[in-house]
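Numbering (the working numbering), first residue to last: 8 to 403.
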């Protein structure tokens, strides 16, 4: 009975969230003050995928990698290159002659209509992940023989090399050099016109993609491969003694993590207006690592909660600290440009001090919620039995 309830909740909660995303798009006007809610929700979906993919490697396998920004760059460029319409390529590649003479959404859209366009976007997203995983496989051949800080430095170096190579003029016919890629299929393409009323599915698409990616990672963690990852994290010598091939298992974890980082990069391209290599700096990796640590290393739900708090606080809730007015208080001499970052840094320091293992530690939300509910029930029944004993003593 409990298993059926859990299965029902696992279906109903995502469906309700997706329905709510469509409802929010209908209710919230693009010009209203609440439009920022939709923006931060979309960005949270992107960072949630990348943070959970990083947690798979750092938290569940015990490999300290700092190459997430590089794999996001690969995914973003792959998606953008293969979704730019043919008529827009001369304008985008104005300084180079583009060698990619087709677009998945355009080719399939002409053959199959709207469904073909969506299928083309899905193929581009999967290809973005495959390219990132393929490069991760090649990088992992020498790098995964390193451990701890040396692995982190090596992956960070490779991410910076990838960023520099993609701005190289010789690759301009493919990457457009140091110039940005634009006019590819973005979230604005996912709109439906019903009798003059335009219904946007942009938040729905981002939330659906995030759910599918995180759900796939959870399935991997709960599989035999996930148990092998955890065994390596706990003790490599014991894991090898049990017959686990350390190098191959690390390579698998590295490629899976990079695949979803590439998909996250493609989602970021869909969210943004342009793709440019210079935006995928090491700072982006540090932000994702900070989210993983704040949420709890080894906790999927912790990463998701930390993403929402991080993005909402930095991009929306604390914005008034830079504009002179915050919570109705007008103080331009205090609430000026840069003050938001000071307060945000203090909040992060406070969270780290009071939650040494992160918000969730290594636990998941259902476990913590069930435990808290159980404690509340115990207190309720104890209070109820205490009242009954008091009434019995009075009657006696």
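In this text, a Cβ means the ideal position worked out from N, Cα and C, and glycines have one as well.
Backbone secondary structure at residue i - three-state DSSP
{"i": "residue 26", "result": "helix"}
{"i": "residue 282", "result": "strand"}
{"i": "residue 333", "result": "strand"}
{"i": "residue 62", "result": "helix"}
{"i": "residue 389", "result": "helix"}
{"i": "residue 182", "result": "helix"}
{"i": "residue 320", "result": "helix"}
{"i": "residue 345", "result": "coil"}
{"i": "residue 109", "result": "coil"}
{"i": "residue 366", "result": "coil"}
{"i": "residue 103", "result": "coil"}
{"i": "residue 92", "result": "coil"}
{"i": "residue 340", "result": "coil"}
Own chain residues within Cβ distance below 6 Å of residue i, not counting five before or after
{"i": "residue 87", "result": "188, 191, 276 and 282"}
{"i": "residue 265", "result": "78, 139, 140 and 143"}
{"i": "residue 344", "result": "329"}
{"i": "residue 18", "result": "none"}
{"i": "residue 346", "result": "328"}
Same chain only: Cβ atoms within 7 Å of residue i, ignoring 5 sequence neighbours per side
{"i": "residue 240", "result": "67, 68 and 69"}
{"i": "residue 333", "result": "327 and 342"}
{"i": "residue 146", "result": "165"}
Neighbourhood of residue i by C-beta, 8 Å cutoff - its chain only, sequence neighbours within 5 removed
{"i": "residue 289", "result": "73, 76, 163, 166 and 167"}
{"i": "residue 320", "result": "351 and 354"}
{"i": "residue 216", "result": "52, 56, 132, 270 and 274"}
{"i": "residue 174", "result": "182, 184, 185, 284 and 285"}
{"i": "residue 322", "result": "43, 46, 47 and 50"}
{"i": "residue 225", "result": "307"}
{"i": "residue 358", "result": "301 and 366"}
Range covered by the alpha helix (DSSP H) that runs through residue i
{"i": "residue 302", "result": "289-302"}
{"i": "residue 85", "result": "75-88"}
{"i": "residue 234", "result": "231-241"}
Whole-angstrom C-beta distance between residue j and residue i, which should lie under 8 Å
{"i": "residue 110", "j": "residue 137", "result": "Actually they do not touch by this definition, with Cβ atoms about 18 Å apart."}
{"i": "residue 303", "j": "residue 366", "result": "6 Å"}
{"i": "residue 81", "j": "residue 169", "result": "7 Å"}
Can you check the segment 185-216 for any beta strand (DSSP E) of at least 3 residues that lies completely inside it and give the ranges in chain order?
198-201 and 204-207
Restricting to runs no shorter than 4 residues, where is the alpha helix (DSSP H) found entirely within the segment 116-170?
The segment 116-170 is shown to contain whole alpha helix (DSSP H) runs of 4 or more residues at 121-150, in chain order.
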